[in-house]
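First up is the structure itself, then whatever we jot down about it.
Number of protein chains: 2
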Amino acid sequence: MRKHITGFSNPTVKYLRSLRDKKHRKRAGQFLVEGLRLLEDARASGRVPRTLVMAEGRAHPLLARLEADVMAAGGEIIETTPDILSKITGKENAQSVAGVFDEWDTSLAALDRASAPIWLAAQALRDPGNLGTMLRTCDAVGAGGLILIDDCADPFSAEAVRASMGAVFTVGLAQARWEAFLPWLRGGAGQLVAASLRDAVPYRGAAYAAPCFILVGNESQGLPEEYEAACDLRVTMPMRGRADSLNAAVAGAVLAYEVLAGLES
Amino acid sequence: MRKHITGFSNPTVKYLRSLRDKKHRKRAGQFLVEGLRLLEDARASGRVPRTLVMAEGRAHPLLARLEADVMAAGGEIIETTPDILSKITGKENAQSVAGVFDEWDTSLAALDRASAPIWLAAQALRDPGNLGTMLRTCDAVGAGGLILIDDCADPFSAEAVRASMGAVFTVGLAQARWEAFLPWLRGGAGQLVAASLRDAVPYRGAAYAAPCFILVGNESQGLPEEYEAACDLRVTMPMRGRADSLNAAVAGAVLAYEVLAGLES
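Line order of the protein sequences matches chains A and B.
Counting with the working numbering, you get residues 1 to 265 for the letters of the first sequence.
Counting with the working numbering, you get residues 1001 to 1265 for the letters of the second sequence.
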C-alpha cells in the first residue's frame, strides 16, 4: 500500500514520531530506523520494515529494491516531505528514508548458545551508545549476541541502533532479569566470566571455555558482588592509571578479543 | 572573590552558558566542567578552576577544600540558584557545582614522549564520547596521552570531559595536523602502529616497541591510505562478522592492551 502524507498533524506522523520515545515503542512493539545503510543491513539479515517512510521524489537502486521487498511483504510505503521526515526522526537534516520494524522476540529461549563460542552479557547498562557498541563488538568477534540483564538501555532506541552499525539486526539479542538469566545459563553448557578486582586471575591467558559468557557491569556501579560471586571465572585487566576502570563497552571488547584468542589457540 | 548572582540575564551567566558552545570556548580559551567528582579529579591533578559556580547553601567537605584552593589561587566563587546553574549547564538536574578552567597548551611540544611506553593517536575522530573514552583508556593502560590529529571533536566539550571520567586532567593531550605530527614523531624515537586491513600482520604478538604510538582513524572513513603507509607497523584484528569494523575507541583499546602485554612480556 502506498500513501502520500503532506500534513504535519496527520495521525501517522504523530505515531511515527512517538516511536522516538521508549514508552511508546514498548506499547507499540515497533521501532524506527533512519537511513538507507541501516535499512540495507536489516534487509541483508532478512528483516523488512513494516512501513517505509521516504522523502518525495527520492530514487536510488537500493531504495527501489527495499520498496519492492516491503510491498512483497504486504507493508506500507509512505511518501512525505523532507520537513515532515525531519519532524518524525527529530533531526534537522534527516536522511531521506526511515523504516518501522516490529520488535522481535528477545527472550533467552530465542538464543541458541551452541551457535557461537562467545557471548556478551551486560548488567544494568544504561548508555545506549555503549549498548550499540557492544552489539557491534559481538559482530566483530563472532559472538552469538548480547544478553541484557536487569534494567538496561533500550536496544531499539535510535542511538543504540546507530551505534550498533546494523549489528542489532545480525547478532542475537536477549533481555532478562538476573533471576531468570542464571537458571537459564546453568541449564546448559556455559562459562560465566566477569571482569573483576575481587578474587580474580589475570585476564591474559586465563582458562576460557566455550561457550564463554562475558559479563560486564553497570557504567558507574560495576557488577553487584553476588553476581561476581556466581561467575565461574573472575579475571582482572591491568589498570596502570589513577582510576580503576574502563568504559564498559571497552572492557567487554578487550575481554572478548582475549577470549577469542584463547579459544582459538 | 565571591559573588552572588540571582538574575538570569546577568552577563556572567550568559558568558558561562556560552562555554557550552565550541566556538565560544575557543574564543575564551576556557571550558566548563560540571560535578564535584570531575572537579575533584582536576584538583588531584593540580588543576584548579578559575571560577567555581555553586548552588546556594551547598556544603560538602570536598567542596570546602575546593573553595579554599580557588580562593588561594586568586579565583572567583559564584553562588547562584539551582535554576540558574541548570541554565548554565543546560541540564534539567544540574549537579550543584561547576568550574571554569583555562584551556592549556595542547601543542606536541608539551608532550614528553619518553614519559610513557604507549601513546594513543586518533585522526579526525568526530565523536566526543569516543574521544573521552580514549582518554580514559590512556589512563587505564598507563599511556602518556592522546594525540588528536586533523579535525577532531573538542576534548574540552562537556561530553568528552564526562566520558573521560576525569582523565582529560590526568593524561597528556595534544592537537596537531598530520603535516606537523609526522615530522614531530620522526624527530625522536617512536613506532607508529595502525589497525589496518592493508599489508598488515596479526595484531596479536606483533613486534611492538616503546614508545609505541597507536593510530586509529575516523569513525566512518578509517585512516587515509597515505597515513597508513607512513606507519611502521600495520596490524589487523580478527573480524569474524559481517562488518569489517569496530568502534574507533574500542579498536584503540583492544590494540593498547595488546601492546601493553607485548611490551611487558
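We put the beta carbon where it would ideally sit given N, CA and C, even for glycine.
Contact between the region 1151-1165 of chain B and the region 1027-1044 of chain B is present: 3 or more CB-CB pairs across the two stretches fall below 8 Å. Closer than 8 Å to the CB of Thr236 of chain A there is not a single CB belonging to chain B. A Cβ-Cβ distance of about 18 Å is found for the pair Glu1092 of chain B and Met1054 of chain B, leaving them out of contact under the 8 Å criterion.
Any Cβ of chain A closer than 8 Å to the Cβ of Ala1261 of chain B would place that residue at the interface, and such an atom is present. Around the C-beta of Ala98 of chain A, 16 or more other C-beta atoms lie within 10 Å, and the residue is accordingly described as buried. Glu1226 of chain B counts as exposed, since fewer than 16 other beta carbons sit within 10 angstroms of its beta carbon. Contact check between the region 1064-1080 of chain B and the region 1126-1134 of chain B: fewer than three CB pairs, one atom from each, fall below 8 Å, which does not count as touching. Annotation for Ala1121 of chain B: no alpha helix (DSSP H) segment contains it, though the beta strand (DSSP E) segment containing it runs Ile1118 to Gln1123. Where Met54 of chain A is concerned, the enclosing beta strand (DSSP E) starts and stops at Thr51 to Ala55.
Sequence-distant partners of Leu1185 of chain B (beyond 5 residues in either direction) whose C-beta falls short of 8 Å from its own C-beta, in its chain, are Leu1192 and Phe1213. The C-alpha of Arg234 of chain A is placed about 7 Å away from the C-alpha of Arg198 of chain A. At a Cβ-Cβ threshold of 8 Å, Val1048 of chain B and Asp1021 of chain B do not count as neighbours. As a beta-bridge residue in DSSP terms, Gly99 of chain A pairs with A:Val33 and A:Leu52. Contact with chain A is absent for Ser1115 of chain B, since none of that chain's Cβ atoms lies less than 8 Å from the residue's Cβ.
Less than 8 Å divides the Cβ of Leu260 of chain A from the Cβ of Ile118 of chain A. Minimum Cα-Cα distance from Val13 of chain A among the listed residues A:Gly74, A:Pro82 and A:Leu66 corresponds to A:Pro82. Burial state of Ala44 of chain A is exposed, judged by a 10 Å Cβ sphere holding fewer than 16 other Cβ atoms.
Non-local C-beta neighbours of Gly166 of chain A in its own chain, meaning closer than 6 Å and more than five positions away in sequence, comprise Leu38 and Asp41, ordered along the chain. Close to chain A, meaning a Cβ-Cβ distance shorter than 7 Å, are the following residues of the region 1141-1158 of chain B: Val1141 and Gly1142. The straight-line gap separating the alpha-carbon atoms of Ser245 of chain A and Glu67 of chain A is approximately 46 Å. Counting along the chain, Cys138 of chain A sits inside no beta strand (DSSP E); it lies in the alpha helix (DSSP H) bounded by residues Pro128 to Val141. Using a Cβ distance threshold of 8 Å, Tyr1203 of chain B and Glu1264 of chain B do not count as a contacting pair. Excluding the 5 residues flanking it on each side, Leu1223 of chain B has same chain C-beta neighbours closer than 8 Å at Gln1123, Ala1194, Ser1196, Leu1215, Val1216 and Gly1217, in chain order. Taking Ile1005 of chain B as the centre and dropping the five residues before and after it, the same chain places the C-beta of Thr1012, Val1013, Ile1078, Thr1080 and Ile1084 closer than 7 Å to its C-beta, in chain order. Looking at the DSSP output, Phe1213 of chain B bridges to B:Trp1119 and B:Leu1192. Around the beta carbon of Ala114 of chain A, a 10 Å sphere encloses fewer than 16 other beta carbons of the protein chains shown; the residue is thus reported as exposed. Asp83 of chain A has a beta carbon lying at 8 Å or more from every beta carbon in chain B.
In the DSSP assignment, Leu146 of chain A falls outside any alpha helix (DSSP H) and within the unbroken beta strand (DSSP E) covering Gly145 to Ile149. Restricting attention to B:Pro1238, B:Ala1256, B:Gly1252 and B:Arg1242, the CA atom closest to the CA of Arg240 of chain A is found in B:Ala1256.
Asp1127 of chain B and Glu219 of chain A have their C-alpha atoms roughly 19 Å apart.
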